[in-house]
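Chains A and B supply the protein sequences, listed in that same order.
Quick note on this note's numbering: the first sequence kicks off at 909 and runs consecutively.
Quick note on this note's numbering: the second sequence kicks off at 5 and runs consecutively.
The C-beta atom is built at its ideal place from N, Cα and C for all residues, glycine as well.
Bear in mind that the values here come from a model prediction, so they are computed numbers and not experimental data.
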Amino acid sequence: MAQLEISSIDKFYGATQALFDVSLTVRKGEFVTLLGPSGSGKTTLLKILAGFESVSAGRITLNGRDVTALAPERRNFGLVFQGYALFPHMTVFDNVAYPLRVRRIPRDEIAQRVAEMLDLVQLSRFAQRKPAALSGGQQQRVALARALVFRPDLLLLDEPMSALDKKLRGDLQEQLRDIHRSLGTTFINVTHDQEEAMHMSDTIAIMNHGRIEQAGSAFALYRHPGSRFVAEFVGKSNFLGGRADHSGNQPVFVTGSARIPLAGPGLPPDGTILMIRPEDVVLNPPDAQTNLVRLPAKVLSSTYSGDRALYTLAAEGLPPLLAYGHAREGLHDNGGAVTVGLSGDGAVLLSEGV
Amino acid sequence: MSPSRIVFAVSVGFGFAFLILPLAIVLPLAFNDSTFLNYPMSGVSLRWFDVVLNQPPWLFAMANSFKVAVGAMALSVVTGGLAAMGVMASGRVAALVLSALFVSPLVVPSVVLGVAMFFIFARFGLSGGHLSLILAHSVLGAPLVFLSAMTSLKGLNPELDRAGASMGASRLFRFRTIILPLTAPGFLIGAMFAFITSFDEVVVALFLSSPQSLTLPIALFSGLRDQLEPTLVVVALMLSMISALFLLVVARLQKATEQKA
Ligand SMILES: Nc1ncnc2c1ncn2[C@@H]1O[C@H](COP(=O)(O)OP(=O)(O)OP(=O)(O)O)[C@@H](O)[C@H]1O
Ligand SMILES: [Mg+2]
């Protein structure tokens, strides 16, 4: 059942429009991530959900109830701020107890629930410390505990990891996912880190210039991007300009002098860009493999990451191609000659300007 | 020496020459044994302290000044503090206009204020009492509280208040548990300044104080004309000590604010 329903929201700041007709449906217990470049409207949408900004048009309902104009303090949404916003004059315990004290919950129940929550974020030892005496990652977890302890209907997180280093970020992502799973609270997370988004989310909403460009699972966005922007934003990709040719008995995509066979139905006939992920570009394809076009190419550069290598290849008449190759027997040398196989398998036809 | 060091040295030099040196020369005369305010001192004694503490009008004037200063401070904190909170909650244009309004007593010459107050209080039959002085001094003290409270309110991370709201706390609850504890030093610093301002205010008091509400600065002022005695220096010394003490407290409070922010 849909818990949160965001319908056709527009937001103006004076004359500039920050959100255009934003709609999104969030199921109970879902982990949704708003992903997009800087200035795309992620924080604006989150502030509107939290109640700190009004909408210019559209409405938000929670379990069927209209909350569009509800004051923030009456929404029962947890919020983790980018800067954590811990109360500096209170201990960790008092910070986490704050929302319970607001709700006039009996003293011993507060003690018990705060202890449980601190346990969950592994901070029990620090209950009597002031926030200033904690590391960034610990502060972040206090903020998380404080936003969850009152069992909110929805947890909103504004770039909760952006101030942390990469290693710590990975650990916290895992913790956050575990906590999400064990509590079953609906999470809406904001980030511009696509890896974080792909690791944690059930649904990713890609935002661009104030619009939700596409929303779906990480798999759907990666394999079936609806636009060049989404394909570029999620993972690595090759874009080949050209046109589809359906005149023969096998449809092909004509780019430069190459004719790439297109697999199967479901491809829009009028695409002008063929998007191929680097793992779908075949390096030195075996002779038995058919249904692809073979092109001579030269290795421009390579990046080795142990499990595989990412090559940049130059093929006549095409832009530089990204291709993954396994690297069990060593790497191809820069300048070395290889054959690349291109096919429509896993490729996506896109139209320009979407 | 770099230019900035030269500027530093010159300004410290001037400060020393004009502020510290006169005090250093005059203040020892409080311990002079003779009746005259001049060097060389004929001997060291505490006899003028004895006079100040036992003969009129000094103790009486001190008590008056203290009452007035405490009253003015309390009134300044309430009005100036409320003004600051109101301005923080209003829109940009309103905040600008209101700020200018609340600070305006600082730019009106004290003589003008003194004359105006004199006529107003005379009309309402308040002349000569403590209340008139308290009201007048709170007009001078409120802007100081306002400015100091504004500084700490503006320095407060606005996300803290939003965090409180997101957890369900009402505006009043947030003010009591988040905003006030974190900005209290600002209010206190303002209160200290309001107290000191009232305690050594001369111009307005000259218009408003009567023999029943004689304040210390006025007593000093008339003492200066009537008989030039070391008692004056004793009182000056005591006033300086009080100010120094307050400055120390203010410095402490400022440090406390910085640590919290
Ligand atoms: N208070 C405001 N007044 C005017 N314009 C604003 C205001 N807040 C945001 N904007 C504009 O709205 C657009 C979206 O801003 P928003 O903060 O939502 O972006 P974001 O996606 O969160 O970016 P980032 O990743 O940098 O945090 C931007 O163009 C921004 O300039
Ligand atoms: Mg943002």
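Query raised in the report: Since D974(A) sits in a beta bridge, which residues does DSSP pair it with?
Result: Position 66 of the first sequence, counting from 1, holds the residue named residue 974(A). Bridge partners of D974(A): T969(A).
Query - Where the alpha helix (DSSP H) through E163(B) begins and ends - result: Taking the first residue of the second sequence as 1, we reach residue 163(B) at position 159. Element bounds for E163(B): P162 to S170.
Requested in this report: Please confirm if L980(A) has its CB atom under 7 angstroms from at least one CB of chain B.
Outcome: Residue numbering aside, residue 980(A) sits at position 72 when the first sequence is read from its first letter. Here the sequence assigns Pro to residue 980(A), which means Leu is not the residue at that position. For P980(A), the answer is yes, since a Cβ of chain B falls inside 7 angstroms of its Cβ.
Query raised in the report: Using a threshold of 6 angstroms, is the CB atom of T951(A) nearer than that to any non-hydrogen atom of ligand 2?
Result: Locating residue 951(A) in the first sequence gives position 43, counting from the first residue. T951(A) Cβ: within cutoff of ligand 2.
Query raised in the report: At a Cβ threshold of 7 angstroms, is G92(B) touching chain A?
Result: The residue labelled residue 92(B) in the question sits at position 88 within the second sequence. Looking at the sequence itself, residue 92(B) is Met, so the reference to Gly does not match. Output row for M92(B): interface = no.
Requested in this report: Using alpha carbons as the reference points, say which of H1088(A), Q1197(A), L1191(A) and R1085(A) lies closest to G1233(A).
Outcome: In the first sequence, residue 1233(A) corresponds to position 325, counting from 1. Answer by Cα proximity: L1191(A).
Requested in this report: Could you pull out every residue in the same chain whose Cβ sits closer than 6 angstroms to the Cβ of G1150(A), ignoring the five residues on either side in sequence?
Outcome: For the purposes of this step, residue 1150(A) is taken as the residue at position 242 of the first sequence. F1161, V1162 and T1163.
Requested in this report: Output, in sequence order along the chain, the residues in the stretch 140 to 170 of chain B whose CB is closer than 8 angstroms to any CB in chain A.
Outcome: Identification of residues in the stretch 140 to 170 of chain B having a C-beta nearer than 8 angstroms to some C-beta of chain A yields N161, E163, L164, R166, A167, G168, A169 and S170, given in sequence order.
Query raised in the report: Starting from R1009(A) and walking both ways along the alpha helix (DSSP H), at which residues does that stretch end?
Result: The count along the first sequence starts at 1 and reaches residue 1009(A) at position 101. Secondary structure note for R1009(A): its alpha helix (DSSP H) is the uninterrupted segment V1000 to V1010.
Query raised in the report: Between the stretch 183 to 206 of chain B and chain A, which residues of the former have a C-beta closer than 8 angstroms to a C-beta of the latter?
Result: Residues are counted here when their Cβ sits less than 8 angstroms from a Cβ of chain A; for the stretch 183 to 206 of chain B these are P185 and L186, given in chain order.
Query raised in the report: When you compare only the Cα positions, how much space is there between L50(B) and S247(B)?
Result: Residue mapping note: residue 50(B) aligns to position 46 of the second sequence, counting from 1. Residue mapping note: residue 247(B) aligns to position 243 of the second sequence, counting from 1. Each residue's alpha carbon lies about 22 angstroms from the other.
Query raised in the report: Roughly how far, in whole angstroms, is the beta-carbon of G1291(A) from the beta-carbon of S948(A), given that I think they are within contact range, below 8 angstroms?
Result: Because chain A is modelled from 909 through 1262, residue 1291(A) falls outside the range shown and cannot be assessed.
Query raised in the report: What are the boundary residues of the beta strand (DSSP E) that includes T1093(A)?
Result: Working through the first sequence from its first residue, we reach residue 1093(A) at position 185. For T1093(A), no beta strand (DSSP E) encloses it, and the DSSP letter there is neither H nor E.
Query raised in the report: What number of angstroms, rounded off, separates the C-alpha of G972(A) from the C-alpha of D918(A)?
Result: To locate residue 972(A), count along the first sequence from 1; it is residue 64. To locate residue 918(A), count along the first sequence from 1; it is residue 10. Between G972(A) and D918(A), the alpha-carbon positions lie close to 20 angstroms from each other.
Query raised in the report: Does S962(A) get closer than 7 angstroms to chain B when you measure Cβ to Cβ?
Result: Working through the first sequence from its first residue, we reach residue 962(A) at position 54. Not an interface residue.
Report task. Please find out if some non-hydrogen atom of ligand 1 comes closer than 6 angstroms to the beta-carbon of Y921(A). Result -> Taking the first residue of the first sequence as 1, we reach residue 921(A) at position 13. Between ligand 1 and Y921(A), a heavy atom-to-CB distance of less than 6 angstroms is present.
**Report entry** Interfacial residues, the stretch 1001 to 1028 of chain A to chain B, with Cβ spacing under 7 angstroms
**Finding:** For the stretch 1001 to 1028 of chain A, the set of residues with a beta-carbon nearer than 7 angstroms to any beta-carbon of chain B comprises Y1006, P1007, V1010 and R1011, in chain order.
Query raised in the report: Quick one: what does DSSP say E938(A) is sitting in, helix, strand or coil?
Result: In the first sequence, residue 938(A) corresponds to position 30, counting from 1. The answer is coil: DSSP assigns E938(A) none of H, G, I, E or B.
Report task. In angstroms with no decimal places, state the Cα-to-Cα distance between V149(B) and T155(B). Result -> Translated into the one-based positions of the second sequence, residue 149(B) becomes position 145. Translated into the one-based positions of the second sequence, residue 155(B) becomes position 151. Whole-angstrom Cα-Cα distance: 10 angstroms.
Query raised in the report: How close, in whole Å, do the beta carbons of L902(A) and L1250(A) come, if the pair is a contact with beta carbons under 8 angstroms?
Result: Given a span of 909 to 1262 for chain A in the structure shown, any question on residue 902(A) remains unanswerable.
Requested in this report: Find the residues of chain B that neighbour G986(A), judging by a C-beta separation of less than 9 angstroms, and give them in chain order.
Outcome: As a working mapping, residue 986(A) is identified with position 78 in the first sequence. Those within 9 angstroms of G986(A) in chain B are S170 and M171.
Query raised in the report: How about A923(A): is its C-beta nearer than 7 angstroms to some C-beta of chain B?
Result: Stepping through the first sequence from its first residue, residue 923(A) is reached at position 15. Any Cβ of chain B closer than 7 angstroms to the Cβ of A923(A) would place that residue at the interface, and such an atom is absent.
**Report entry** Terminal residues of the alpha helix (DSSP H) in which E1024(A) lies
**Finding:** Taking the first residue of the first sequence as position 1, residue 1024(A) is located at position 116. Looking at the DSSP string, the run of the alpha helix (DSSP H) that includes E1024(A) is R1015 to L1028.
Report task. May I have the straight-line CA-CA distance separating L63(B) from A209(B), to the nearest angstrom? Result -> The residue given as residue 63(B) occupies position 59 in the second sequence. The residue given as residue 209(B) occupies position 205 in the second sequence. Their Cα atoms are separated by approximately 18 angstroms.
Query raised in the report: Is I956(A) buried or exposed, if buried means 16 or more other CB atoms sit within 10 Å of its CB?
Result: By one-based count along the first sequence, residue 956(A) stands at place 48. I956(A) comes out buried.
Query - Extent of the continuous beta strand (DSSP E) run through F128(B) - result: In the second sequence, the residue the question calls residue 128(B) occupies position 124. No beta strand (DSSP E) contains F128(B), which DSSP labels as neither H nor E.
Query - Range covered by the beta strand (DSSP E) that runs through E1237(A) - result: If you number the first sequence from 1, residue 1237(A) lands on position 329. Element bounds for E1237(A): n/a, residue is neither H nor E.
Requested in this report: Assign V16(B) to one of three DSSP states: helix, strand, or coil.
Outcome: In the second sequence, residue 16(B) corresponds to position 12, counting from 1. Helix, per DSSP.
Query - Local Cβ density within 10 Å of Y992(A), reported as buried at 16 or more and exposed below that - result: Within the first sequence, residue 992(A) is the residue found at index 84, counting from 1. Buried, because 16 or more other Cβ atoms sit within 10 Å of the Cβ of Y992(A).
Report task. Could you tell me which chain B residues have their CB closer than 8 angstroms to the CB of F1058(A), listed as they occur along the chain? Result -> As a working note, residue 1058(A) is residue 150 in the first sequence. Here the neighbours are M171 and G172.
Query - Amino acids of chain A, ordered along the chain, whose beta-carbon sits closer than 9 angstroms to that of F2(B) - result: With chain B covering 5 to 265 only, the question about residue 2(B) has no answer from this structure.
Query raised in the report: Going by C-alpha distance, which of P60(B), R9(B), I182(B) and P26(B) is nearest Q216(B)?
Result: Locating residue 216(B) in the second sequence gives position 212, where the first residue counts as 1. Out of P60(B), R9(B), I182(B) and P26(B), P60(B) has the C-alpha closest to the C-alpha of Q216(B).
Query - Proximal residues of chain A, C-beta to C-beta of F177(B) below 7 angstroms - result: Against the second sequence, residue 177(B) aligns to sequence position 173. The answer, in chain order, is V1010.
Query raised in the report: Beta-carbon separation of G145(B) and S80(B) under 7 angstroms?
Result: Counting from one through the second sequence, the residue named residue 145(B) turns up at place 141. Counting from one through the second sequence, the residue named residue 80(B) turns up at place 76. Taking the C-beta atoms as reference points, S80(B) is found nearer than 7 angstroms to G145(B).
Query - heavy atom of ligand 1 below 6 angstroms from A926(A) C-beta - result: Start at 1 with the first residue of the first sequence, and residue 926(A) comes out as number 18. Yes, the Cβ of A926(A) comes within 6 angstroms of a heavy atom of ligand 1.
Query raised in the report: Which residues in chain B sit within 7 angstroms of F995(A), going by Cβ to Cβ distance?
Result: Stepping through the first sequence from its first residue, residue 995(A) is reached at position 87. In chain order: L164 and I182.
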